[in-house]
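Asks:
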Ligand code: DGL
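Numbering (this note's numbering), first residue to last: 929 to 1201.
(1) Give the straight-line distance between the Cα atoms of residue 1166 and residue 940, rounded to the nearest whole angstrom.
(2) Considering residue 934, what are the terminal residues of the beta strand (DSSP E) in which it resides?
(3) Under a Cβ-count criterion, where at least 16 other Cβ atoms within 10 Å of its own Cβ denotes burial, should residue 1199 be classed as buried or exposed?
(4) Quick one: residues in its chain with C-beta nearer than 7 Å to the C-beta of residue 1079, no 5 flanking neighbours on either side, listed in chain order?
(5) Relative to the C-alpha of residue 954, which candidate in 985, 975, 1052 and 1069 has its C-alpha closest?
(6) Tell me the residue span of the beta strand (DSSP E) that contains residue 1065.
(7) Locate the beta strand (DSSP E) running through residue 1081, then write down its first and last residues.
(8) Would you decide whether residue 934 is buried or exposed? Buried here means 16 or more other CB atoms lie within 10 Å of its CB.
(9) Out of curiosity, what's the CA-to-CA distance linking residue 1148 and residue 1088?
(10) Could you give the DSSP three-state label for residue 945: helix, strand or coil?
(11) What's the call for residue 1100, buried or exposed, on a 16-neighbour Cβ count within 10 Å?
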């Protein structure tokens, strides 16, 4: 199975893209809804959580791992590759950087994401290795996550906040903008309108899905092992009606969420007053 994890439900934007390109492949998802958000946490905590999430997926039959969460991709990829050698691990930052470099004309790229993603400086580091002449500017836009989760996709308040998030990047003259958070692709129309039509948006969900497809084409043996079945398993560490509603929003259809029977879900106990 293809294993995908995220801090919560947002990673379903990546599941949707994977399923579109890889029908007939079984997929297992783990959304750490009990401990979301990751974007406000320290790198150490995100690494610990990412290791536990990956373990859950591997124990439940995943053969390759896709880190859908940008915050985890930004700070935990190396730790996961060290901890799970031999497991192919895909993340959302590298394919987004490659795409941004391919489309920028003015060589000025903007990135929006959570605090964890932006303060990691991962985009600057990767671009500096691949194309040192290209400038990268980041801006953390944490307010967009709860707005999306509330379904405020077309509200004037959301438009105003998106506009505000993009001002510092527009002032730098960006011509390319990476949507560096699982939730942002849902806001594409507003972001495009506020960024202006000359700015090319990079959707990491599309880029990472494309990378997985190419990897499977290069590795027919693994492709054969992973193919077969339309039955997907979507696990969460905490299950509420609100999460089910958000899942529907991200996938564009009803999704059956299962409460994961795992240590992460069990160690989170109701607090005592
Ligand atoms: N999934 C997270 C990300 O893409 C956003 C939500 C969170 O902060 O956990 O960075």
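All residues carry an ideal CB built from backbone N, CA and C; glycine is no exception.
Replies: Reading from the atomic positions:
(1) If you take the alpha carbons of residue 1166 and residue 940, they lie about 16 Å apart.
(2) For residue 934, the enclosing beta strand (DSSP E) has its first and last residue at 930-934.
(3) Confidence at residue 1199 is low in this model, with a pLDDT of 48, below 50, so its placement is unreliable and the value that follows should be read with caution. Around the beta-carbon of residue 1199, fewer than 16 other beta-carbon atoms lie within 10 Å, marking it exposed.
(4) Around residue 1079: 1177.
(5) With distances taken between Cα atoms, residue 954 lies closest to 985.
(6) Note, residue 1065: beta strand (DSSP E), 1063-1068.
(7) Run containing residue 1081: none; DSSP gives neither H nor E here.
(8) So residue 934 ends up on the buried side.
(9) The straight-line gap from Cα to Cα measures roughly 48 Å.
(10) Helix, per DSSP.
(11) Its Cβ having fewer than 16 others within 10 Å, residue 1100 is exposed.
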